[in-house]
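A.B. asks: For reference, the structure I am asking about is given below.
Number of protein chains: 2
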Amino acid sequence: MESRCENCIIRQFNSLRAMSKEELNKVSDTKTTKKIKKGQPLFQEGDKLNGVYCVRNGVSKLSKLSSNGKDQIVKLATKGEVIGQRSVIAEESTNLSAIAINDMEVCFIPKETIVHTLQKNPNFTLEVLRHMAHDLKEADDVIVNISQKTVKQRIAEAFLYLKNNFGEDEEGFLALTLSREDISNVVGTATESAIRIISDFKKKGLIHTSGKRIGIKEERKLAELVEGF
Amino acid sequence: MESRCENCIIRQFNSLRAMSKEELNKVSDTKTTKKIKKGQPLFQEGDKLNGVYCVRNGVSKLSKLSSNGKDQIVKLATKGEVIGQRSVIAEESTNLSAIAINDMEVCFIPKETIVHTLQKNPNFTLEVLRHMAHDLKEADDVIVNISQKTVKQRIAEAFLYLKNNFGEDEEGFLALTLSREDISNVVGTATESAIRIISDFKKKGLIHTSGKRIGIKEERKLAELVEGF
DNA sequence: AATAGGAACTGATAAATGTCATGTTTTTTC
DNA sequence: GAAAAAACATGACATTTATCAGTTCCTATT
Numbered sequence: 691m692e693s694r695c696e697n698c699i700i701r702q703f704n705s706l707r708a709m710s711k712e713e714l715n716k717v718s719d720t721k722t723t724k725k726i727k728k729g730q731p732l733f734q735e736g737d738k739l740n741g742v743y744c745v746r747n748g749v750s751k752l753s754k755l756s757s758n759g760k761d762q763i764v765k766l767a768t769k770g771e772v773i774g775q776r777s778v779i780a781e782e783s784t785n786l787s788a789i790a791i792n793d794m795e796v797c798f799i800p801k802e803t804i805v806h807t808l809q810k811n812p813n814f815t816l817e818v819l820r821h822m823a824h825d826l827k828e829a830d831d832v833i834v835n836i837s838q839k840t841v842k843q844r845i846a847e848a849f850l851y852l853k854n855n856f857g858e859d860e861e862g863f864l865a866l867t868l869s870r871e872d873i874s875n876v877v878g879t880a881t882e883s884a885i886r887i888i889s890d891f892k893k894k895g896l897i898h899t900s901g902k903r904i905g906i907k908e909e910r911k912l913a914e915l916v917e918g919f
Numbered sequence: 691m692e693s694r695c696e697n698c699i700i701r702q703f704n705s706l707r708a709m710s711k712e713e714l715n716k717v718s719d720t721k722t723t724k725k726i727k728k729g730q731p732l733f734q735e736g737d738k739l740n741g742v743y744c745v746r747n748g749v750s751k752l753s754k755l756s757s758n759g760k761d762q763i764v765k766l767a768t769k770g771e772v773i774g775q776r777s778v779i780a781e782e783s784t785n786l787s788a789i790a791i792n793d794m795e796v797c798f799i800p801k802e803t804i805v806h807t808l809q810k811n812p813n814f815t816l817e818v819l820r821h822m823a824h825d826l827k828e829a830d831d832v833i834v835n836i837s838q839k840t841v842k843q844r845i846a847e848a849f850l851y852l853k854n855n856f857g858e859d860e861e862g863f864l865a866l867t868l869s870r871e872d873i874s875n876v877v878g879t880a881t882e883s884a885i886r887i888i889s890d891f892k893k894k895g896l897i898h899t900s901g902k903r904i905g906i907k908e909e910r911k912l913a914e915l916v917e918g919f
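Residue numbers (this note's numbering), protein chains in the order written: chain A, 691 to 919; chain B, 691 to 919.
Okay, structure coming up:
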C-alpha cells in the first residue's frame, strides 16, 4: 500500500501541515500516487483540474504556450510544492501546462478534499493564502525582470536561481539540468540567443559546461552582471 | 462623520462582502478615509504597511522601480479593489509602490482588523484567496505577454484593456487617461517607442487622439493585431 | 560499434527596440 | 494670459534580439 500522508515529510514544506489529523487522514484516503516520466504532462493548459498535485520527487515546469508556438515557463515546481491550487480555488480551467522535467512522483489529491478543508479550516486557508501571496510576489518580480533586464542579465539570474533553489551535484554542476530550450523559455528569449550567451559566459570563464550540464564558476561576477555592471 | 462600511456600495465588489455584520462594524470603527492627490503615493516600495487600502474613487498604479531608473507598472487598481493585501498577509514589507493616477479617495483599514478576521472567518479568507488566485493568473498572463508579444501588440492590448476595464467618456476617449510614460511603463518599453507606435496607430486610423487623450476607432483591428495579424 | 535523431552550436542577416538629441505642443503656475 | 515646465513627438543612429540556414556534437537505441 501507499505511505500515509501523516508520515510524509514532504507536507512539512507546504500548506498541508496546517491540516488537522482528521483532515490529513481524509487526504490520505482519497489521494492517489502517480509516477510521471520525464517529458510527460501532469496536465495541459485549458484542462479542468479535479484536484491538486503534491510533488514528492522531481521537478515540473509550469508553462504557457503562445500563438507563435513558443512556451513561456512561469515557474519551476519541486519537492514539497503543490501544483494546481490556483485553478482549483478559482474554479477555472488551468491557464498553464505542467510538464515533468525529470521523472516525478506526485500525490494527486481530489478537489473535494481540498475545497472542503478550505471551507472548514481557516488556518489551512490562511496558509494557502500565504503561499499564494508569495507566488504573486515572485510573479511580480518576474514581470519586472523580463521587462527591464537584458537577456544576458536574465540568464545570469536564472543560473543563480537554479543554484540557490536546486543546488549543485558532486561535480559542481547545477543539480537541475535544463535543456537550452527550457532555459530560453524560462528567460523568455529565442533558443539560439540563449545558446550564444551561454557560450559567451563560458568564454569569459563565468561558467563551465559538460554536454548540457552547466556549472557556475564565478558566482560573484554573475551576480554583478545581473545588477548591471 | 464618515459613512459606514455597512452602507458602502464599494464593498460589494471586493472581499469585504464576506464579512459578518459585526466584523464590518469593526472595520467601520477602525477605518480612516483619506484623499490622495494625483501623483501622490499611497505607499512606496519597501514600506511596512499597517493596513490595506480600499479604493472608493480614482485609480492607483502599482509599480516597481528597477535599478536603471525605469518603473514597471504591474497593476492598475480602481474602485472596489483592495490594495496592500499581499504584504499584510505575507507579513513582509511591500514590493511595490502605489501612486495615484488621478485624485483618489481611499479607506485605510488597519492590519489588525484584517488579520483578526482572516483568522476567524473562513469565508472571508477564502474570498481573499479567490481574489489573489485571480491576480496571480493575471500576473502569469502579463509575463507571457511581455515575453512573447511585440511592443506594438502589447500597446494594442493595453488600449483594449483600458477600454474594457475603465470604459470611455462621452466623447469616445478612454475614460482613464494615462501619460505616454505610464503607457510605456505598463507595457514595459521605452517612452519614445510607445509614442512612435501610438503615432503609427493614429496614422493607420486605429485610434484618434486629442492631447494626451486616446480614443479607439477600430477595436476589431486592434484585437487582430494583438493576435498577430 | 554503427547509426539515427535530436540537441547544441555558429554565422550571416534582418527586424525590433532603445538611446540621444532636439524641436514642438500641452499643461501648469504665477 | 504669459512664462515656465512638463509632456509629447520625431529623426538619426546604436544596440539588442530574432530568424534562417546550416554544421557538429551527444546520446540513446539496435
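Positions of the beta carbon are idealized from the N, C-alpha and C atoms, including for glycine.
Mind listing the chain A neighbours of B:N855? Cutoff is C-beta to C-beta under 9 Å, in chain order.
C.D. replies: For the purposes of this step, residue 855 of chain B is taken as the residue at position 165 of the second sequence. What B:N855 touches in chain A: nothing, since even the nearest Cβ is about 18 Å away.
A.B. asks: My understanding is that B:F798 touches B:T722, with C-beta atoms under 8 Å, so please give their C-beta distance in whole angstroms.
C.D. replies: Here residue 798 of chain B corresponds to residue number 108 of the second sequence, with the count starting at 1. Here residue 722 of chain B corresponds to residue number 32 of the second sequence, with the count starting at 1. Correct: roughly 5 Å between the Cβ atoms.
A.B. asks: State yes or no: is the beta carbon of A:N758 nearer than 8 Å to at least one beta carbon in chain B?
C.D. replies: Translated into positions along the first sequence, residue 758 of chain A becomes position 68. Output row for A:N758: interface = yes.
A.B. asks: Keeping to the same chain, check which residues put their C-beta closer than 7 Å to that of A:N747; ignore five residues upstream and five downstream.
C.D. replies: By 1-based counting over the first sequence, the position of residue 747 of chain A is 57. Cβ within range, chain order: K769, M794, E795.
A.B. asks: For B:E876, name the three-state secondary structure that DSSP assigns.
C.D. replies: By one-based count along the second sequence, residue 876 of chain B stands at place 186. It is Val, not Glu, that sits at residue 876 of chain B in the sequence shown. Reduced to three states, the DSSP call for B:V876 is helix.
A.B. asks: Give me whichever residues DSSP pairs with A:L752 in a beta bridge.
C.D. replies: As a first step, residue 752 of chain A is located in the first sequence; it is residue number 62 there, counting from the start. For A:L752, which the question treats as bridged, DSSP gives the partners A:K765, A:A788.
A.B. asks: If we call anything under 8 Å between Cβ atoms a contact, is B:K728 one with B:D872?
C.D. replies: For the purposes of this step, residue 728 of chain B is identified with residue 38 of the second sequence, where counting begins at 1. For the purposes of this step, residue 872 of chain B is identified with residue 182 of the second sequence, where counting begins at 1. Taking 8 Å as the Cβ cut-off, B:K728 and B:D872 do not qualify as a contacting pair.
A.B. asks: Against chain A, does B:E917 count as a neighbour if the rule is that its beta carbon must be under 8 Å from one of theirs?
C.D. replies: Taking the second sequence and counting its residues from 1, the one referred to as residue 917 of chain B is at position 227. So, interface residue.
A.B. asks: Given B:N704, which residues of its chain have a CB within under 8 Å of its CB, disregarding the five upstream and five downstream residues?
C.D. replies: Locating residue 704 of chain B in the second sequence gives position 14, counting from the first residue. Around B:N704: C744, G770, E771, V772, H821.
A.B. asks: Are there 16 or more other CB atoms within 10 angstroms of the CB of B:P812, so buried, or fewer, so exposed?
C.D. replies: Locating residue 812 of chain B in the second sequence gives position 122, where the first residue counts as 1. It is buried - the Cβ of B:P812 has at least 16 other Cβ atoms within 10 Å.
A.B. asks: Taking only the alpha-carbon atoms, compute the straight-line gap between A:S710 and B:E817 and give it to the nearest angstrom.
C.D. replies: Here residue 710 of chain A is taken as the residue at index 20 of the first sequence, counted from 1. Here residue 817 of chain B is taken as the residue at index 127 of the second sequence, counted from 1. The alpha-carbon atoms of A:S710 and B:E817 are separated by roughly 22 Å.
A.B. asks: Going by DSSP, what residues sit across from A:L864 in a beta bridge?
C.D. replies: Counted from its first residue, the first sequence places residue 864 of chain A at position 174. A:L864 is bridged to A:E858.
A.B. asks: Mark A:D830 as exposed unless 16 or more other C-beta atoms lie within 10 angstroms of its C-beta, in which case mark it buried.
C.D. replies: Residue 830 of chain A sits at position 140 when you count from the first residue of the first sequence. A:D830 should be labelled buried.
A.B. asks: What residues from the segment 740–764 of chain B come within 8 Å of chain A, judged by C-beta to C-beta, listed N to C?
C.D. replies: Per Cβ criterion, the list reads K754, S756, S757, N758, K760, Q762, V764.
A.B. asks: So, for A:T803: in the same chain, excluding its five sequence neighbours on each side, which residues have a beta-carbon less than 7 Å away from its beta-carbon?
C.D. replies: Counted from its first residue, the first sequence places residue 803 of chain A at position 113. Excluding sequence neighbours, A:T803 sits near K716, V717, T720.
A.B. asks: Which residues share a DSSP beta bridge with A:G741?
C.D. replies: Looking up residue 741 of chain A in the first sequence gives position 51. According to DSSP, which records beta bridges pairwise, A:G741 is partnered with A:P800.
A.B. asks: Please confirm if B:S869 has its CB atom under 8 Å from at least one CB of chain A.
C.D. replies: For this step, residue 869 of chain B is matched to residue 179 along the second sequence. No, B:S869 does not count as interfacial toward chain A.
A.B. asks: Identify which residue in B:L915, B:C698, B:E735 has its Cα closest to the Cα of B:K839.
C.D. replies: For the purposes of this step, residue 839 of chain B is taken as the residue at position 149 of the second sequence. Comparing Cα-Cα distances from B:K839 to each of B:L915, B:C698, B:E735, the minimum goes to B:L915.
A.B. asks: Contact criterion: CB-CB distance below 8 Å. Does A:H824 meet it with respect to chain B?
C.D. replies: On the first sequence, position 134 is the one that residue 824 of chain A refers to. It does: the Cβ of A:H824 has a partner Cβ on chain B nearer than 8 Å.
A.B. asks: Mind reading off the beta-carbon distance from B:R776 to A:L808? Whole number of angstroms is fine, and I expect it under 8 Å.
C.D. replies: For the purposes of this step, residue 776 of chain B is identified with residue 86 of the second sequence, where counting begins at 1. For the purposes of this step, residue 808 of chain A is identified with residue 118 of the first sequence, where counting begins at 1. That pair is no contact at about 19 Å.
A.B. asks: With respect to the beta strand (DSSP E) encompassing B:R903, which residues constitute its N-terminal and C-terminal limits?
C.D. replies: On the second sequence, residue 903 of chain B is found 213 positions in, with the first residue counted as 1. Taken as a continuous stretch (DSSP letters only), the beta strand (DSSP E) holding B:R903 covers 903–906.
A.B. asks: Assess, as a yes-or-no matter, whether the segment 884–894 of chain B is touched by the segment 846–861 of chain A under the definition of 3 or more beta carbon pairs within less than 8 Å.
C.D. replies: Taking 8 Å as the limit for Cβ pairs, the verdict is that the segment 884–894 of chain B does not touch the segment 846–861 of chain A.
A.B. asks: Whose Cβ in chain A lies nearer than 9 Å to the Cβ of B:G878?
C.D. replies: On the second sequence, position 188 is the one that residue 878 of chain B refers to. Ordered by position in chain A, the residues that pass the 9 Å Cβ test against B:G878 are I833, V834, I836, S837, Q838.
A.B. asks: Does any CB atom of chain A fall closer than 8 Å to the CB of B:P800?
C.D. replies: As a working mapping, residue 800 of chain B is identified with position 110 in the second sequence. Taking Cβ atoms only, chain A never reaches closer than 8 Å to B:P800, which makes this a no.
A.B. asks: With a Cβ-Cβ cutoff of 8 Å, do B:A767 and B:V749 count as a contact?
C.D. replies: Here the question's residue 767 of chain B lines up with position 77 in the second sequence. Here the question's residue 749 of chain B lines up with position 59 in the second sequence. Yes, the pair counts as a contact, with Cβ atoms nearer than the cut-off.
A.B. asks: Using alpha carbons as the reference points, say which of B:L912, B:Q702, B:E860 lies closest to B:G895.
C.D. replies: By 1-based counting over the second sequence, the position of residue 895 of chain B is 205. Residue B:L912 is the option with its Cα nearest to B:G895.
A.B. asks: Would you identify the three-state DSSP class for A:I699, choosing helix, strand or coil?
C.D. replies: Counted from its first residue, the first sequence places residue 699 of chain A at position 9. Residue state, collapsed to three classes: coil.
A.B. asks: Taking just the CA atoms, how far does B:S787 sit from B:E917?
C.D. replies: To locate residue 917 of chain B, count along the second sequence from 1; it is residue 227. To locate residue 787 of chain B, count along the second sequence from 1; it is residue 97. C-alpha separation (whole angstroms): 31 Å.
A.B. asks: Cα-Cα, which of A:Q734, A:K765, A:F733 is closest to A:N855?
C.D. replies: In the first sequence, residue 855 of chain A corresponds to position 165, counting from 1. Looking at the Cα atoms, A:K765 is the closest of the given residues.
A.B. asks: B:A880: buried (16+ other C-beta within 10 angstroms of its C-beta) or exposed?
C.D. replies: For this step, residue 880 of chain B is matched to residue 190 along the second sequence. Exposed: under 16 other Cβ atoms inside 10 Å.
A.B. asks: What do you reckon, are the CB atoms on A:I791 and A:L868 nearer than 8 Å?
C.D. replies: Looking up residue 791 of chain A in the first sequence gives position 101. Looking up residue 868 of chain A in the first sequence gives position 178. In contact: A:I791 and A:L868 (Cβ atoms closer than 8 Å).
A.B. asks: Please classify A:E917: does DSSP put it in a helix, a strand, or coil?
C.D. replies: Here residue 917 of chain A refers to the residue found at position 227 of the first sequence. Of the three classes helix, strand and coil, the one that applies to A:E917 here is helix, per DSSP.
A.B. asks: Could you tell me the distance, in whole angstroms, from the CA atom of B:N697 to the CA atom of B:R707?
C.D. replies: Working through the second sequence from its first residue, we reach residue 697 of chain B at position 7. Working through the second sequence from its first residue, we reach residue 707 of chain B at position 17. Going from the Cα of B:N697 to the Cα of B:R707 covers about 11 Å.
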